[in-house]
Amino acid sequence: MAKTYQAAVFPAPNVPVEIREFPEPELEPGAVLLRTMYSEVCGTDVHLHHGKLSGVPYPIIPGHVSVGAVAKARGKITTVEGNPVKEGDVVTFLDVHETCYNCYYCLVANQPTRCPHRKVYGITYSANDGLLGGWSEAILMKPGVKMIHIPTGLAPETFIGGGCGLVTALHAVDMARLQLGESVGVMGAGPVGQSILALASLSGAGEIVAVDAVADRLAFARTMGATGTISLDLAKKERLSRVHELTRGRGFDAVIEASGSPAAVSEALDFVRDGGRVIVCGHYTDNGSVEIHPHWQINRKHVELRGCWGSRFEHFDRAVALAARFGATKPWSAMASPYDGLSQVRSALDAVEKRTAVKAVVHLA
Ligand SMILES: [Zn+2]
Ligand SMILES: [Zn+2]
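Count along the sequence shown from 1, then add 145; that gives the number in this note's numbering.
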């Protein structure tokens with residue numbers, strides 16, 4: 146009997162998760178089979194469940210950032226640092242694959258996250274193509290997928306606790322170009338927002354303020370590095386007064402939107418000071434539109450407004466290194482609620498959707 150592996154599948158938008166059986170894939174030269182240890186359930190998965198991203202080839206095996214142990218490797222495979230990847234190694238991998246470095250966006254515009262050839266594990270690969278998502282007992286690493294060893298001293302739970310949110314946060318914080326002592330507002334204290342708060346504090350930002358509706362998330366934000374919080378329970382006008390109180394009347398030097406709420410993008414433009422920076426990274430999926438007043442909110446304020454899409458290998462590599470170095474002081478592992486086994490994926494998804502969990506981590510082996 147050929148060996149098989151179970152995986153959780155989104156058959157189609159708004160159809161419940163199913164557990165399906167997949168045959169063990171044949172490994173082509175340069176490919177690796179991982180036994181999944183941890184995969185995560187994030188807000189993007191909730192949106193994928195509801196069909197809010199175009200071009201997703203359902204059925205899919207969700208799960209974009211994962212940690213696994215190498216079960217089989219075919220041929221000589223090395224990391225970017227030249228270290229061999231061998232059976233038994235515990236690794237994670239950049240979910241983005243097949244960025245071509247050969248097209249206009251890669252080579253001329255220098256924006257490889259907009260490369261039309263890129264594929265993403267757990268999002269743009271179909272389950273009909275095999276074990277290409279993390280909600281599975283095993284994941285096929287196609288040749289060229291960039292793996293990173295989980296360094297000694299970094300608990301896999303810590304890295305996966307940060308997971309995709311940490312990687313996105315790093316990219317967004319880079320784009321915000323925070324300088325020592327600057328003030329930053331973070332719209333949304335979900336998994337991306339919490340990591341932004343942690344990285345802003347590691348970057349030496351001064352006033353670091355989390356904005357969210359959920360009291361528990363605002364309390365947790367303090368443990369990640371927020372120096373202040375603003376609850377969406379306050380009326381809109383009061384929220385702006387609070388920002389002015391915290392920033393000597395000017396507004397934040399930078400605001401990073403990580404909430405996925407269209408209204409938060411408009412409010413970010415209100416909260417930023419004249420000449421400040423606004424980065425939008427919370428709208429990976431289509432959550433609708435919002436009215437913006439170009440004169441008052443952008444042009445007259447001389448605001449820099451930028452979208453942040455996906456991440457590159459450099460963000461992933463530095464995220465692993467940061468989790469290793471600061472995992473003891475920034476509680477990424479405590480941010481994720483643990484779920485045991487594929488049978489609990491539905492409850493994990495439900496908890497993330499209802500916001501009873503900031504994020505969920507599924508433990509597989
Ligand atoms: Zn390209
Ligand atoms: Zn994610």
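Glycine included, each C-beta is placed from N, C-alpha and C at the ideal position.
Going by the beta-carbon positions, is the gap between residue 184 and residue 303 smaller than 8 Å? no
Does the segment 401-418 come close enough to the segment 328-335 to have 3 or more Cβ pairs within less than 8 Å? Yes, they touch.
Determine the closest residue to residue 323 out of 158, 397, 388, with distance taken between C-alpha atoms. 397
Counted within 10 angstroms of its Cβ, other Cβ atoms place residue 282 as buried (16 or more) or exposed: buried
Return helix, strand or coil for residue 225, following the three-state DSSP convention. Residue state, collapsed to three classes: coil.
Can you name the residues that DSSP bridges to residue 498? In the DSSP output, where bridge partners are listed per residue, residue 498 has none listed.
Any heavy atom of ligand 1 closer than 7 Å to the CB of residue 244? yes
Any chance you could list the beta strand (DSSP E) runs of at least 3 consecutive residues sitting entirely within the segment 391-441, in chain order? Within the segment 391-441, the complete beta strand (DSSP E) segments at least 3 residues long are 397-402, 417-425, listed from N- to C-terminus.
If you check the beta carbons only, do residue 593 and residue 153 fall under 8 Å apart? This structure cannot speak to residue 593, because the chain is shown only from 146 to 510.
Taking the alpha helix (DSSP H) that residue 344 belongs to, which residues open and close that run? 336-347
So, residue 403 versus residue 506, is the Cβ gap smaller than 8 Å? In this structure, the beta-carbon distance from residue 403 to residue 506 does not fall below 8 Å.
Going by C-alpha distance, which of 476, 319, 465, 481 is nearest residue 238? 465
Would you say the beta carbon of residue 187 comes nearer than 7 Å to a heavy atom of ligand 2? yes
Since residue 270 contacts residue 205 with CB under 8 Å, what's their CB separation in whole angstroms? With a Cβ gap of about 7 Å, residue 270 and residue 205 count as contacting.
Residue range of the alpha helix (DSSP H) that residue 478 falls in? 477-480
What are the residues that DSSP puts in a beta bridge with residue 484? 507
For residue 424 and residue 292, which I take to be in contact (beta-carbon distance under 8 Å), what is that distance rounded to the nearest angstrom? Not quite, the Cβ-Cβ distance comes to about 29 Å (not below 8 Å), so this is no contact.
Does the distance between the C-beta of residue 508 and the nearest non-hydrogen atom of ligand 4 fall short of 7 Å? No copy of ligand 4 appears in this structure; the ligands present are ligand 1 and ligand 2.
Determine which residues share a DSSP beta bridge with residue 92 and list them. Coverage of the chain is limited to positions 146 through 510, which leaves residue 92 absent and any answer about it impossible.
Beta strand (DSSP E) segments (min. 3 residues) lying fully within the segment 254-301: The segment 254-301 is shown to contain whole beta strand (DSSP E) runs of 3 or more residues at 283-286, 292-294, in chain order.
Give a yes or no on contact between the segment 482-498 and the segment 349-358, applying the rule of three or more CB pairs nearer than 8 Å. no
Residue-level contact to chain D via CB, residue 474, 8 Å cutoff: As a matter of chain content, chain D is missing from the structure shown, which is built from one protein chain.
Integer-rounded CB distance, given that residue 399 should sit under 8 Å from residue 435: Actually they do not touch by this definition, with Cβ atoms about 20 Å apart.
Would you call residue 379 buried or exposed, if buried means 16 or more other Cβ atoms sit within 10 Å of its Cβ? exposed
Would you identify the three-state DSSP class for residue 445, choosing helix, strand or coil? coil
Whole angstroms are fine: how far does the CA of residue 193 sit from the CA of residue 316? 22 Å
Is residue 440 near ligand 2, in the sense that its beta carbon is under 7 Å from a heavy atom of that ligand? no
For residue 151, the residue or residues it bridges with in DSSP: 166, per the DSSP bridge assignment.
Using three-state DSSP, classify residue 244 as helix, strand or coil. coil
Report whether the distance from the Cβ of residue 389 to the nearest heavy atom of ligand 2 is below 7 Å. no
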